[in-house]
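>
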Amino acid sequence: MPMTSSPAATMASADHATAHTLLNCLLREVSGPERQSVVADGWLRLRLPRCGVLLRVGLRRASLIGAHRFTGPVSEQRDGAWAEVSWRELAERVQRELQLRTGVRNDEFLDQVASSHAGMTAALEARGERSAPPAAADTTAHDAYLASEQSLLFGHRFHPTPKARTGSADSWARFAPEAGARFPLHHLAVRQEYVREESARPGALAALDRQGGQRGQDGQGAVPEGFRLLPAHPWQYAMLREHRVLRAALARGEVLDLGPGGAEFAPTASVRTLYDGRDFLKFSLNVRITNCLRKNADYELSGAVALTRLLEPVAADLAARFPGCELLREPAYRTLDLGGERQLIEGFGVIVREGLAARLRPGLTALLAAAVADEYPTSGAQISRLLPDVGPDRLSTWWRAYLDLLVPPVLAAYFDHGVVLEPHLQNVVIGVDPADGTPRQVLFRDLEGTKLVPEHHAAALAALPEAVARPLTYERERGWDRVVYCLLVNHVAEMVAALADRCPGLEPALWSAVRRVLCERSAAHDHPPALRALVAGVPLPAKANLLTRWARRADRHAGYVRIASPLASELLSEAAHVSEAAHVSGAAHVSDTARVSETAHVSGAGRVSEAGRVSGAGHVSEAAVHACEAGHGPEGPHVTESAHVIHPGSSR
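Numbered according to the numbering used here, the sequence shown spans residues 61 to 712.
1. First and last residue of the beta strand (DSSP E) that includes ASN605?
2. Heavy atom of the ligand MG less than 7 Å from the Cβ of PHE243, yes or no?
3. So LEU485 packs on ALA430, CB below 8 Å; how close in whole Å?
4. Following the continuous alpha helix (DSSP H) through ARG445, name the residue where it begins and the one where it ends.
5. What is the C-beta distance between ARG388 and ARG261, in whole angstroms, given that I count them as a contact (C-beta under 8 Å)?
6. To test your reading of the DSSP string, which unbroken alpha helix (DSSP H) runs of 4 or more residues are found completely within the region 338 to 408?
7. Would you grab the beta carbon distance between GLU257 and ARG394 for me? Rounded to a whole angstrom, and I think it's under 8 Å.
8. PRO220 and CYS85: beta carbons closer than 8 Å?
9. Does the beta-carbon of CYS385 have 16 or more other beta-carbons within 10 angstroms, so that it is buried, or is it exposed?
10. May I have the straight-line CA-CA distance separating LEU370 from ALA518, to the nearest angstrom?
11. If distances are taken between C-alpha atoms only, which option among LEU428, GLY286, GLU149 and GLY451 comes closest to ALA441?
12. Got a sec? Which residues, its chain only, sit under 7 Å from GLU94 by beta carbon, not counting five neighbours each side?
13. Extract the residue ranges of the alpha helix (DSSP H) inside the region 488 to 562, only unbroken runs of 4 or more that lie entirely within it.
14. Using C-beta distances below 8 Å, list every residue in its chain close to GLN271, excluding the 5 sequence neighbours before and after it, in chain order.
15. Starting from HIS246, trace the beta strand (DSSP E) in both directions and tell me its first and last residue.
16. Who are the near neighbours of ARG116 in its chain, counting only those whose CB is closer than 6 Å to its CB and skipping five residues on each side?
17. So PHE169 packs on TRP610, CB below 8 Å; how close in whole Å?
18. When the Cα of ARG312 is compared with those of ASP358, ARG251, PHE343 and PRO294, which residue comes out closest?
19. Give me the Cβ distance between ARG225 and GLY179, rounded to the nearest whole Å; I'm assuming they're in contact under 8 Å.
20. Let me know if THR78 comes out buried or exposed under the rule of 16 or more other beta-carbons within 10 Å of its beta-carbon.
21. If you run the structure through DSSP and keep just helix, strand and coil, what is SER259?
22. Can you give the Cα-Cα distance for ALA241 and PRO327, rounded to whole angstroms?
23. Considering only the alpha carbon of each residue, which of GLY126, LYS603 and GLN501 lies closest to TYR545?
24. By a C-beta neighbour count over all protein chains shown, 10 Å radius and 16 as the cutoff for buried, is CYS352 buried or exposed?
25. Under three-state DSSP, which class holds ASP101?
26. Taking only three categories from DSSP, how would you classify GLU168?
27. Within 10 angstroms of its Cβ, does VAL164 collect 16 or more other Cβ (buried), or is it exposed?
28. Could you check what DSSP says for SER135 in three-state terms: helix, strand or coil?
29. What are the residues that DSSP puts in a beta bridge with LEU600?
Written out as C-alpha cells, the structure reads:
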C-alpha cells in the first residue's frame, strides 16, 4: 500500500509529473466515463480496455470531484504482478489506446509529451540554480507577484502536454517564465503610414510610446520624427526578421531596426504577455504552447479594444455591486501593416493591458491564482506558504472570503449582462492582505476568452465588422458550459484541492461552502434553471484536453466531457459522515469511499436544499479539526464516475 499519511506534496520529478498528468486526463476523459477505474486500498486503478492494460498509482489523497493527488511511479499489471512503467511507456500505452478508440493516428503525440517532459525538466533545473522562493510575506509586493507568475513549473494538471512548446531549448531558457527570465524588448521604428493602431480612450497607447523615451534615457536614440515606436517580443522578432516583406521595408527605410533596449520585462505565466512593473504588453509568439500558436489574430487585436469599450459599463456595475471585483481592460493595440501582409499584422500585433496599479487596491499584494492553487510549493504564493501553520477554521474562513469575491461577479456577468468571463486559474489575480494572506480583491484578466451572449448585445455587435463580432460571441448554452468549467472545474476545484491537501477532512465543508454561495446567488438571480440545476448537482463540463490534443483541434474547438458534481446535498452529507467516521476509526474504509462515489453517480441530479442544511456548510466539523491535526483524512471518493469494480483477481 502506498504512503498516504501526509497529503501535502513535496516537489515532484518531471518523470512523475508527466505520468500523473497523463493519468489525470485518462481518468477524466477515457477510463472514468467508460467506468474502467476504481479507488481502493490507497490506489487508483484504471484500465485501458482496448489495449488490455491495467494501471495503478498510489494516492496521497482522493478527491470528491475525482481530482486525486497521486504519489510515486505508475505501474502496470504483467503476469499477475505489478511492474513500474516510465512516463514514455505510459505515453505509448495512451497513444495505442486512443488510436484504437478513435481509429485516428497522431504521430506527433509522443513528441509532444516528450517536449512537455523536457520543459518540466528544464524548469526544475532552472529553479534548482536559484535560491528557494521566499514566502510571499517575506518579499516585496512586486517580487512576490512576479514570483507567482513564474512559478508554474508543471502547468495544467489535466492537460497531457502542459509544458510542450515549439522552439529551441536556448530560446526557452531566455524567454520562459519558469526560468525567471528578464529581458529588454526589441524595438522597431515604423513610418506612420505603415502603423495600424486603435485605442478605446485617450492616452492608452502611451504604454507603447514611453518605451521610446526609455531608449533615449539609455543613450540609444529616440524614434525619428514621422515614425512610431513598435515594441516587439525579441523571440518573435528573431522568427520574423527574414520575412521578405519586412526585409524589403527595412531596405527602403520604411521600418528601422532599433535593436533591443529600454526597461527589462518579465514573462508572465502565459509566456507571451510581458510585465515591467507598470504595463502588461501582450505580444504574438509564433510558438505552439500546449494546443495553440500563441498569436494575436487580426480580429483579436480589434476585438480587445471593442470589448474594452463594450464592457466598461458592465465592469463598472460589477465593481459597484461586488466591491473587490475588477476587470483589467485592454484599451489599445498597435501593429505593422505593410500592404495588408497578414503574417506581419498578426506577428507584430501588441495589445496593451492595464497594469496592476490601475485596479489593485493600495497596500495589497497581487498573486496569480494558479500559483496559490498549485499542487506543489513552487512559490511563496502557494497556499501552504501563504497560510503557514493554520488550522481548519482559518482555512475555512479564508475560503469563504475568497468564494464571496470570486463567484458572485462571474455569475452576475453572465445572468445580468450576457457576458461570459473566463475565470480559470491563470486569468485571475488575487489581491491579498500581506499581513495575513486574507483575500481582499480579485482581478479578472485576458479579454481573449471573454465572450458575449448575442441576444444581450445585438446592437453593439451589429455595429462591428462581422469578422470581429463573430469571434466575440458564444451561444447561451456554450457560454454557460464555459463559465461552469472555468469557474468550478478549473478554478474552484483546484483551490479546494490545495486547501484539502492541508486538511483532508475539510473537503466536504469546502464544497458545502461552494454550494452555499451558489444557493445565495441562485436566489439573487431569481433561480434561473441553469443555476438551479448546478446547485442540484448535475454533471459538470470538463474540457477534454487529451481528446482535443489527440484530434489536433484548435483550442477554441475543444469539447467537454461530463464529470459528476460534488455539489449534490446527499453527496456532501455522506462525505461529511465518512469524514467523521474517519476521525473515529483513523481512516476511511474503501467500502465507504465506493458508497459515496455511487451516491454521487446515482443522485447527481438530486433535489435542491437550503445551503444551511447541508452538513458542514456553516462550520468545520470536530472530525475535520482532528483529521487536520492528525495530518491525515479519509481517502475521499472517486466521483468522476461511479466506482467500477475491475474483475476479481485483476486489481490486487
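Just so it is clear, CB atoms sit at the ideal spot from N, CA and C, and this is done for glycine as well.
Reading off the structure:
1. Along the sequence shown, read from residue 1 onward, the residue named residue 605 stands at position 545. Judged by DSSP secondary structure, ASN605 falls outside any beta strand (DSSP E) and instead within the alpha helix (DSSP H) spanning 605 to 611.
2. Although the ligand MG was asked about, the structure shown includes no ligands whatsoever.
3. For this step, residue 485 is matched to residue 425 along the sequence shown. For this step, residue 430 is matched to residue 370 along the sequence shown. Correct: roughly 4 Å between the Cβ atoms.
4. Along the sequence shown, read from residue 1 onward, the residue named residue 445 stands at position 385. That run of the alpha helix (DSSP H) goes 443 to 446.
5. On the sequence shown, position 328 is the one that residue 388 refers to. On the sequence shown, position 201 is the one that residue 261 refers to. In the sequence as presented, Arg is not what sits at residue 388; that position holds Leu. Not a contact, Cβ separation roughly 14 Å.
6. With a minimum length of 4 residues, the continuous alpha helix (DSSP H) runs that stay inside the region 338 to 408 are 358 to 381 and 402 to 407.
7. Here residue 257 corresponds to residue number 197 of the sequence shown, with the count starting at 1. Here residue 394 corresponds to residue number 334 of the sequence shown, with the count starting at 1. Rounded, the Cβ-Cβ distance is 4 Å, consistent with contact.
8. Walking along the sequence shown from the start, residue 220 turns up at place 160. Walking along the sequence shown from the start, residue 85 turns up at place 25. Closer than 8 Å, so yes.
9. Working through the sequence shown from its first residue, we reach residue 385 at position 325. Buried, because 16 or more other Cβ atoms sit within 10 Å of the Cβ of CYS385.
10. The residue you call residue 370 lines up with position 310 of the sequence shown. The residue you call residue 518 lines up with position 458 of the sequence shown. The alpha-carbon atoms of LEU370 and ALA518 are separated by roughly 12 Å.
11. As a working mapping, residue 441 is identified with position 381 in the sequence shown. Comparing Cα-Cα distances from ALA441 to each of LEU428, GLY286, GLU149 and GLY451, the minimum goes to LEU428.
12. Translated into the one-based positions of the sequence shown, residue 94 becomes position 34. The residues are PRO109.
13. You should have 518 to 522, 526 to 529, 536 to 544 and 553 to 562.
14. Translated into positions along the sequence shown, residue 271 becomes position 211. Closer than 8 Å at the Cβ level, and outside the excluded window around GLN271, lie LEU245, HIS247, LEU289, PRO291, GLY322 and ALA323.
15. The count along the sequence shown starts at 1 and reaches residue 246 at position 186. For HIS246, the enclosing beta strand (DSSP E) starts and ends at 243 to 251.
16. Numbered from 1 along the sequence shown, position 56 holds the residue referred to as residue 116. Correct list, in chain order: TRP103, ARG105 and SER135.
17. Residue numbering aside, residue 169 sits at position 109 when the sequence shown is read from its first letter. Residue numbering aside, residue 610 sits at position 550 when the sequence shown is read from its first letter. With 8 Å as the limit, PHE169 and TRP610 qualify as a contact, their Cβ atoms being about 7 Å apart.
18. Along the sequence shown, read from residue 1 onward, the residue named residue 312 stands at position 252. Comparing alpha carbon positions, the residue from ASP358, ARG251, PHE343 and PRO294 closest to ARG312 is ARG251.
19. Your numbering for residue 225 matches position 165 in the sequence shown. Your numbering for residue 179 matches position 119 in the sequence shown. Contact annotation, ARG225 with GLY179: C-beta distance approximately 6 Å; criterion of less than 8 Å satisfied.
20. Within the sequence shown, residue 78 is the residue found at index 18, counting from 1. With 16 or more Cβ atoms within 10 Å of its Cβ, THR78 is classed as buried.
21. Within the sequence shown, the letter at position 199 stands for residue 259. SER259 falls in the strand class under three-state DSSP.
22. For the purposes of this step, residue 241 is taken as the residue at position 181 of the sequence shown. For the purposes of this step, residue 327 is taken as the residue at position 267 of the sequence shown. Those two C-alpha atoms are separated by around 7 Å.
23. Taking the sequence shown and counting its residues from 1, one reaches residue 545 at position 485. Closest option to TYR545, Cα to Cα, is LYS603.
24. Stepping through the sequence shown from its first residue, residue 352 is reached at position 292. Exposed is the label assigned to CYS352, since fewer than 16 other Cβ atoms lie within 10 Å of its Cβ.
25. Indexing the sequence shown from 1 puts residue 101 at position 41. DSSP, read as helix, strand or coil, puts ASP101 in coil.
26. The count along the sequence shown starts at 1 and reaches residue 168 at position 108. Residue state, collapsed to three classes: coil.
27. Reading the sequence shown from its first residue, position 104 is the one you call residue 164. So VAL164 ends up on the exposed side.
28. Locating residue 135 in the sequence shown gives position 75, where the first residue counts as 1. SER135 falls in the strand class under three-state DSSP.
29. As a position in the sequence shown, residue 600 is number 540, starting the count at 1. The beta-bridge partner set that DSSP reports for LEU600 consists of ILE623.
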